[in-house]
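**Q** Pasting a structure here, questions to come.
In my numbering, the protein residues as written are 7 to 253.
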C-alpha cells in the first residue's frame, strides 16, 4: 500500500488495527499471535454475549500497553493528533469498526476537519460517523475484483489511485465512489440447498473416499453442486471428518 501510494504521488503510512497488539505500523516486527475481534472462533477476544463491549474494553487495554518495541501512537486518536491536517483513510470490517468505535469517534473529533477522516466500511454508519463513512457495499466486488473479505482494502486502494481527481476531499471521494457503485453490476445470488451437519459430513466422507482434496477445494465443489454451507461451519465439519478418519 505504501508503494502503491507512492506510484500516485502520495506519501502514506500504513497502520494495522490488531486484536493482539493494538495499533501497530505495518513495518512492526511482531511475534505470532492468535487473537481476533471476529466472533465464533476459539481465538475471539470476546467469548460472551457482550461481545462488542468486551472488544471495546480490550482495545482500550491494548492502547494503554506501551513498551520499547511499540513506539508511537497506540490508538487511532493518537495517530490523528500526530498531524490533524493530514487525511486518514480507515478501512475496517463491521466487527473491527465496532471494537474501535469510541477511539475512532474521538479521532474524528481530533482532526482539524472531521471530513478528513475517510471511513471505508460496509453497513449502516455508527452514530457520530455518518458524515465520514463512504459508500461501500458488495457490488464493488464486480468492479474492483477480489473477494468480499478484501473489499475494504480494495476500496481504499481505489481512493488512493484516484487521488489526483479528488485530493482526498470527502465530498468528491464520496461522489466518485457512488458513481463507481452505480456502474457496478449487482451481486449474483445463488439458490443453494441447505444441508444438515450429518448430510454435509456424509458428502465430505464420500468425496474423500474418491481422492484427497483440500478443505477449500471441497467447499467450492459443494457449492458448485448447488449445496449451501457457510465457510466456518464447513471448516469445522471437514476437520471432524478428517479427525475421525485418523482414528
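Note that beta-carbon positions come from the ideal geometry of N, C-alpha and C, so glycine has one too.
Give a yes or no on whether the C-beta atoms belonging to residue 234 and residue 211 are separated by under 8 angstroms.
**A** no
**Q** Can you find a CB in chain B that lies within less than 8 angstroms of the CB of residue 216?
**A** Absent here is chain B; the protein component of the structure consists of one chain.
**Q** By DSSP, does residue 21 sit in helix, in strand, or in coil?
**A** Three-state result, residue 21: strand.
**Q** When you compare only the Cα positions, how much space is there between residue 132 and residue 108?
**A** 10 angstroms
**Q** Going by beta-carbon coordinates alone, are residue 121 and residue 137 separated by less than 8 angstroms?
**A** Cβ distance < 8 angstroms, so residue 121 and residue 137 count as in contact.
**Q** Counting C-beta neighbours from all protein chains within 10 Å, is the total for residue 176 16 or more, i.e. buried, or is it exposed?
**A** Buried, since its Cβ has 16 or more Cβ neighbours within 10 Å.
**Q** Are residue 240 and residue 187 close, meaning C-beta to C-beta below 8 angstroms?
**A** The answer is no: Cβ separation not under 8 angstroms.
**Q** Just verifying my parser: in three-state terms, what is the DSSP assignment at residue 178?
**A** helix
**Q** Between the Cα of residue 135 and those of 228, 102, 123, 142, spot the shortest distance and give me the residue it belongs to.
**A** 123
**Q** Following the continuous alpha helix (DSSP H) through residue 57, name the residue where it begins and the one where it ends.
**A** Per DSSP, residue 57 belongs to the alpha helix (DSSP H) from 57-70.
**Q** Should the region 27-37 be called in touch with the region 46-53, which here means at least 3 C-beta pairs below 8 angstroms?
**A** no
**Q** Which word fits residue 216, buried or exposed, when buried means at least 16 other C-beta atoms lie within 10 angstroms of its C-beta?
**A** exposed
**Q** One question on the structure: do residue 101 and residue 44 come within less than 8 angstroms of each other, judged by their Cβ atoms?
**A** The Cβ atoms of residue 101 and residue 44 sit closer than 8 angstroms to each other.
**Q** Where DSSP assigns a beta bridge to residue 200, which residues make up the other side?
**A** 234
**Q** Taking residue 96 as part of the alpha helix (DSSP H), name the residues at either end of that continuous run.
**A** It is not in any alpha helix (DSSP H) - residue 96 instead sits in the beta strand (DSSP E) that spans 94-97.
**Q** Please check the pair residue 29 and residue 67, which I expect to be a contact at CB under 8 angstroms, by giving their CB distance rounded to whole angstroms.
**A** Actually they do not touch by this definition, with Cβ atoms about 13 angstroms apart.
**Q** What does a CB cutoff of less than 6 angstroms around residue 143 pick up in its chain, not counting 5 residues either side in sequence?
**A** 128
**Q** Below 8 angstroms between beta carbons: does that hold for residue 80 and residue 72?
**A** Remark: C-beta atoms of residue 80 and residue 72 approach each other more closely than 8 angstroms.
**Q** From this set, 179, 154, 204, 18, which residue's C-alpha is nearest residue 92's C-alpha?
**A** 18
**Q** Closer than 7 angstroms by C-beta to residue 64: which residues in its own chain qualify, once you throw out the five before and the five after it? Chain order, please.
**A** In chain order, 51 place their CB closer than 7 angstroms to the CB of residue 64, counting only its own chain and leaving out the 5 sequence neighbours on each side.
**Q** Would you please state the rounded distance, in angstroms, between the beta carbons of residue 23 and residue 98? I believe it to be under 8 angstroms.
**A** 6 angstroms
**Q** Relative to the C-alpha of residue 169, which residue among 94, 246, 245 is closest?
**A** 94
**Q** Quick check on residue 88: does DSSP put it in helix, strand or coil?
**A** Residue 88 sits in a helix when the DSSP states are folded into three classes.
**Q** Any idea which residues DSSP pairs residue 225 with across the strands?
**A** Paired residue(s): none; residue 225 is not in a bridge.
**Q** Quick one: what's residue 28 bridged to in DSSP?
**A** 24
**Q** Considering only residues of the same chain and omitting the five flanking positions on each side of residue 182, which have a CB-CB separation below 7 angstroms?
**A** 168, 171, 172
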